[in-house]
Amino acid sequence: MKKVISTEKAPAAIGPYSQAIEVNGMVYTSGIIPVVPATGEIPTGSAAQAKQALTNLSNLLEAAGTSMANVIKTTVFIKEMNDFGAINEVYQTFFVGEYPARSCVEVARLPKDVMIEIEAIATK
166 MKKVISTEKA PAAIGPYSQA IEVNGMVYTS GIIPVVPATG EIPTGSAAQA KQALTNLSNL
226 LEAAGTSMAN VIKTTVFIKE MNDFGAINEV YQTFFVGEYP ARSCVEVARL PKDVMIEIEA
286 IATK
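Residues 166 to 289 (this note's numbering) make up the sequence shown, in order.
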């Protein structure tokens, strides 16, 4: 049975989708963008946006009863591959020990014209 996960500590869905779904002890998140949930603001710069997106992801996983420590796979969408290094520096601070598997792709455009979007799969 699937369970819809949502929290006010991560950006609300912009369309007809859930922030995350739990199925059989696995949590699948939608793409999380760097919007400050309380204000709707978007930080400036790739490092600040990476930090906000990962904070939002962490908050969503916490609402699902899991954490960044249980993430097994992420997909990171970035607007500019030249920001890869700055994003990696922030990314690594959110994971302790073994890093999850990851894909990272450059895309032409993201919702709200942000610089990063990240989705994850985690165990409970």
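Just so you know, even glycine gets a beta-carbon here, dropped at the ideal spot from N, CA and C.
Query raised in the report: Terminal residues of the continuous beta strand (DSSP E) containing GLU206?
Result: From DSSP, GLU206 is part of no beta strand (DSSP E); its letter is neither H nor E.
Requested in this report: In the DSSP assignment, find the unbroken alpha helix (DSSP H) run with THR220 in it and report its ends.
Outcome: For THR220, the enclosing alpha helix (DSSP H) begins and ends at 211-228.
Query raised in the report: Across which residues does DSSP place VAL188 in a beta bridge pair?
Result: Partner(s): LYS167, MET191.
Query - C-alpha gap between LEU222 and TYR256, whole angstroms - result: Roughly 11 Å between the two C-alpha positions.
Query - Whole-number beta carbon distance between GLU282 and ILE207, since they are thought to touch under 8 Å - result: The Cβ separation is near 12 Å, so there is no contact.
Requested in this report: Tell me whether the beta-carbon of MET280 lies closer than 8 Å to the beta-carbon of GLU245.
Outcome: Cβ atoms of MET280 and GLU245: closer than 8 Å.
Query raised in the report: Is it the case that the Cβ atoms of PHE259 and LEU219 are separated by a distance below 8 Å?
Result: Going by beta carbons, PHE259 and LEU219 fall inside the 8 Å limit.
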